[in-house]
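Peer 1: A single structure is presented below for examination.
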Amino acid sequence: MIDAHSCAAYDPKSPLKPWDFRRRDVGDEDVQIDILYCGVCHSDLHFARSEWMPVTYPQVVGHEIIGKVVAAGKNVSKHKVGDLVGVGCIVDSCRHCDNCKEDLENYCEEGMQGTYWGSKNQPASGRRAVTRRSSWWTNIMSCAFP
Amino acid sequence: MVDEHYVLRIPIELDPAKAGPLLCAGITLYSPLRHWQAGPGKTVGIVGLGGLGHMGVKLAHAMGARVVLFTTSPDKVEDGKKLGADDVIISKNAEEMSRYAGKLDLIVNTVSVSHNLDPFINLLKRDGTMVLVGAPATPHPSPQVFPLLMQRRSLAGSGIGGIKETQEMLDFCAKNNVLPEVEMTSIQDINKAWDRVLKSDVKYRFVIDMATLKAEKPAA
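Chains as they are written, first to last, in the numbering used here: chain A, 1 to 146; chain B, 1001 to 1220.
This is the structure we're talking about:
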C-alpha cells in the first residue's frame, strides 16, 4: 500500500482538514502520479458538502489534476516515469458499451467512474465488483488535493 | 493511482500550473463547441463568464467563430473582450439582446443557477442549438415551445467529454496557446478559496499549488 496525504472534508459543513490514507499498490495498468497542481471546480464543493447526493466522509475531492508520473505498471505503454500528465473527471468506465467503444466514456451506459465518488455513492458501481477493475471502487483516486 | 487509459498527456507548451482547469472546464466547453461545429463563419454565444464561460470564450475564439458573450455583470464587459469575445451583451438589457435575435448558430449556456431560457432561445437562427452545460441545483423553468418549433431550434445538454477528445482538446490548446485564467492558492487557504468560489469572486479559476500540501500535518 502507498501512503497518501490529503486535505479532506470530514462532514458537509466543516472546513477541510488534513487526512492521511493509503492507496493500493501500483497495478499492472496503473500510473502513479505525484500531484503538482489541482484546479478548484464548483462541483468539488457540491460534492464535499453532499449537495448532490449523500457522500461518505472523509471525502477527498479534486478533478483538475496535473502531476508527474512517479511509477508505472508493467503493462503501461502510454506514459512513463517523469511524464507530465493530467487526470480529469473520469477514471474508469465499462469499456464495452457502444458509447465507450466510440470514445465517449463520459456517456458510458453503465455510468462512468468519476474521479472521486466511490462505490457507496454511485448507484451503478455495484457492477464493478465483477469487472477486472474492481479495485477502483475501493480506492478514491486522488491522492492529494482536498 | 489511475489506469493509464484515463491519464492524459500534457503537452510541453502548456504551463502545468495553469493547465488543470482544462481537464474539466476546458473539455466541458470544447466538446459541445466541436460537436455543434463552432468555427469560421459561425456566430457562437457563450452565456455566463465564470470558470466554464471564460473557457468557452477562449476556445470558440480560437476555433475561429465570432463570439458573443452574454453576462449579467456590466463590469465583465472589458474582461470578456480581452478574453476573445467579439461582442458582449448585458443579458438583462432587452434592447441589447434584441440585436442578436435570430442571429446565433449556437449558444453554450454555462449558467448554473435556474433562469429563464426563452430570451436566449429567441437569439438562435433556424436550426440553431442552445447547449446547457451549467448544472443548476433547481431546474430551469420549462422554455416556451413555440420559439423552438417555429424555427426548428434545439435545446440540448452536454457533459464533459471522452478521454480521446480531452487529449485532442489539450493538443488544440497547446497549438493555439489557450489556457485558463487562474489564481494560484495554497492548500492552507483552500477554505477561503471555496468561500470565494461561492461568491463568484475569482477570475476565473483557482489552482492549488500542491507543494503546499507537503507542509501539512494530518489531524490527530
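No residue lacks a Cβ here, since even glycine has one placed at the ideal position from N, Cα and C.
(1) If you draw a straight line from the C-alpha of A/V81 to the C-alpha of A/D28, how long is it?
(2) Does chain A have any CB closer than 9 Å to the CB of B/G1039?
(3) Let's test the definition: count the other Cβ atoms within 10 Å of the Cβ of A/T56 and tell me whether it reaches 16, buried, or not, exposed.
(4) From the DSSP output, in three-state form, read off B/T1166 for me.
(5) Taking the C-alpha atoms as reference points, what is the distance between A/Q122 and A/M53?
(6) Please name the residue in A/G111, A/L84 and A/G88 whose C-alpha comes closest to that of A/R151.
(7) Compute the Euclidean distance between the alpha carbons of A/L45 and B/G1159, then round it to the nearest angstrom.
(8) Ignore the nearest five residues each way along the sequence and tell me which others in A/G114's own chain have a CB closer than 8 Å to its CB.
(9) Rounded to a whole number of angstroms, what is the C-alpha to C-alpha distance between B/H1061 and A/F21?
(10) Relative to chain A, which residues along the stretch 1007-1019 of chain B have a C-beta separation below 7 Å, given in chain order?
(11) Taking only three categories from DSSP, how would you classify B/D1087?
(12) With a threshold of 8 Å on Cβ separation, who are the neighbours of B/D1171 within its own chain once the five nearest residues in sequence on each side are excluded?
(13) If you reduce the DSSP assignment to three classes, tell me which class A/W19 lands in.
(14) 9 Å is my cut-off, CB to CB: does B/I1089 come that close to chain A?
(15) Among the candidates A/F47, A/Y37, A/N75 and A/Y116, whose CA atom is the shortest distance from the CA of A/K13?
(16) Which same chain residues, not among the five before or five after B/V1113, have their C-beta less than 6 Å away from its C-beta?
(17) For B/S1186, which residues of its own chain have a beta-carbon under 8 Å away from its beta-carbon, when the five flanking residues on both sides are left out?
(18) Shortest alpha-carbon distance to B/V1182 belongs to which of B/L1022, B/H1005, B/V1047 and B/D1003?
Peer 2: Well, looking at it:
(1) 14 Å
(2) False, the Cβ-Cβ gap to chain A never drops below 9 Å.
(3) exposed
(4) helix
(5) Its pLDDT being 37, under 50, A/Q122 is placed unreliably by the model, and the measurement read from it follows with that caveat. If you take the alpha carbons of A/Q122 and A/M53, they lie about 9 Å apart.
(6) Shown here, chain A extends from 1 to 146; a query on residue 151 of chain A therefore has no answer.
(7) 18 Å
(8) H63, C89, I90, V91 and Q122
(9) 43 Å
(10) Within the stretch 1007-1019 of chain B, the residues whose Cβ lies closer than 7 Å to some Cβ of chain A are V1007, L1008, R1009, I1010, P1016, A1017 and A1019, listed in chain order.
(11) strand
(12) Excluding positions up to five away in sequence, the list reads P1011.
(13) Here A/W19 sits in strand by DSSP.
(14) no
(15) A/F47
(16) Only residues of its own chain outside the window of five on either side were considered, and among them P1136 have a CB closer than 6 Å to the CB of B/V1113, listed in chain order.
(17) I1208, D1209 and T1212
(18) B/L1022
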